[in-house]
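Peer 1: Residue numbers (our numbering): 111 to 349.
The beta-carbon is built from N, C-alpha and C at its ideal position, and this holds for glycine as well.
What follows is a structure written as C-alpha cells; I'll ask about it next.
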C-alpha cells in the first residue's frame with residue numbers, strides 16, 4: 111500500500127505510541143524504497159520506519175519482487191478495496207477461494223494453484239492465510255474466514271478513506287464555496303457588466319487604417335516629420 115501512510119491509522123486502529131512501537135519492530139526502510147528520490151530525501155542508509163512513512167512494499171524493486179514470486183509482479187494493494195468488482199468481496203473471495211479441485215481438462219502448471227474467483231482461474235500466489243495463522247489480542251478464534259474478512263475490510267477502509275476526517279474536510283470546502291458564490295456572482299454579473307458586454311468590431315479595409323481618425327493622427331504626424339508609410343501596393347495607391 112505504497113499510496114497510504116501509517117499515520118492514517120492513528121485514532122482509528124492504534125494510538126500514536128502503540129503505532130510507533132509496532133513500526134520499530136517492522137523491517138527497516140531502505141533507500142531503494144524511494145526510487146529516484148534519493149537525492150531529494152537524502153537518505154542513503156537503512157533506518158527504522160516512522161509514522162509519517164508510506165506503507166512501502168517489502169521488495170526494493172520490480173526485479174526483487176519478481177525473483178521472490180516466481181517471475182510474477184505482485185500488484186499494489188492501495189486501491190484494491192475499491193478498484194476491483196465487488197470491492198472487499200473480491201479480496202475475501204481471493205483469500206478463501208483455495209482448496210477447490212480443478213475441473214476435468216484444466217491443466218494447472220507446477221507451482222500454480224487453481225482458483226475459481228481469479229481471472230483465468232490459475233493463480234501463482236500460494237494461500238496467504240490458514241487457520242491459526244496468528245492470535246488475536248481479544249481472543250477471537252483465528253479462523254480463515256475471520257482473518258479474510260478482517261483483511262478485506264481493512265483494504266476497503268484504506269482505499270475508500272470514508273471517515274469523519276475526510277467528511278469534515280469536504281464539508282469545509284463546500285461551505286467555503288457556498289460562502290464565496292454570491293460574491294463571485296456579483297463580481298461577474300454586476301461589477302464587470304461593462305466588460306462582458308463590450309462589443310469589439312474589426313474591419314478589413316483595403317486602403318489601410320486611414321478611415322480611423324484615431325490612427326490617422328499618427329500617420330499625419332509621421333508624414334510631417336518626413337516618414338513615408340510603406341504599403342505593399344503603395345505604387346498603385348499612389349497612382
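Measure from the alpha carbon of residue 191 to the alpha carbon of each residue in 282, 159, 164 and 258, then state which is nearest.
Peer 2: Taking only the C-alpha atoms, the option nearest residue 191 is 258.
Peer 1: Take the Cβ of residue 139 as the centre, count every other Cβ of all protein chains shown within 10 Å, and call the residue buried at 16 or more, exposed below.
Peer 2: Buried.
Peer 1: According to DSSP, is residue 283 part of a helix, a strand, or is it coil?
Peer 2: Reduced to three states, the DSSP call for residue 283 is helix.
Peer 1: Assuming residue 142 and residue 171 form a contact by the criterion Cβ under 8 Å, report the distance between their Cβ atoms to the nearest whole angstrom.
Peer 2: That pair is a contact at about 6 Å.
Peer 1: Suppose you measure from the CA of residue 180 to the CA of residue 122; what does that come to, to the nearest Å?
Peer 2: About 36 Å.
Peer 1: Just confirm the distance between the C-beta atoms of residue 252 and residue 243, as a whole number of angstroms; I'd bet it's less than 8 Å.
Peer 2: Sure, about 6 Å apart at Cβ, within 8 Å.
Peer 1: Rounded to whole angstroms, what is the Cα-Cα separation between residue 111 and residue 241?
Peer 2: Between residue 111 and residue 241, the C-alpha separation is close to 25 Å.
Peer 1: Quick one: Cα of residue 266 to Cα of residue 198, how far?
Peer 2: Answer to the nearest angstrom: the Cα atoms are 6 Å apart.
Peer 1: In chain order, what are the residue ranges of uninterrupted beta strand (DSSP E) at least 3 long that sit wholly in the segment 153-190?
Peer 2: Entirely contained in the segment 153-190, not one beta strand (DSSP E) run reaches 3 residues.
Peer 1: From residue 184 to residue 214, what does the alpha carbon distance come to, in whole angstroms?
Peer 2: Rounded to the nearest angstrom, the two C-alpha atoms are 29 Å apart.
Peer 1: Where does the unbroken alpha helix (DSSP H) through residue 127 begin, and where does it stop?
Peer 2: Counting along the chain, the alpha helix (DSSP H) containing residue 127 begins and ends at 126-135.
Peer 1: Check each candidate in 118, 231, 296 and 208 and name the one with the smallest Cα separation from residue 217.
Peer 2: Measuring from the Cα of residue 217, the nearest candidate turns out to be 231.
Peer 1: Does the Cβ-Cβ distance between residue 162 and residue 116 come in under 9 Å?
Peer 2: Yes, the pair counts as a contact, with Cβ atoms nearer than the cut-off.
Peer 1: Going by the CB atoms, is the gap between residue 182 and residue 235 shorter than 9 Å?
Peer 2: The answer is yes: Cβ separation under 9 Å.
Peer 1: Give, in chain order, every unbroken run of the alpha helix (DSSP H) that is at least 4 residues long and sits entirely within the segment 192-253.
Peer 2: Within the segment 192-253, the complete alpha helix (DSSP H) runs of at least 4 residues are 198-206.
Peer 1: Using the Cα positions of residue 205 and residue 237, report the straight-line distance between them to the nearest angstrom.
Peer 2: Whole-angstrom Cα-Cα distance: 7 Å.
Peer 1: Can you tell me whether DSSP reads residue 121 as helix, strand or coil?
Peer 2: Note: residue 121 maps to coil in three-state DSSP.
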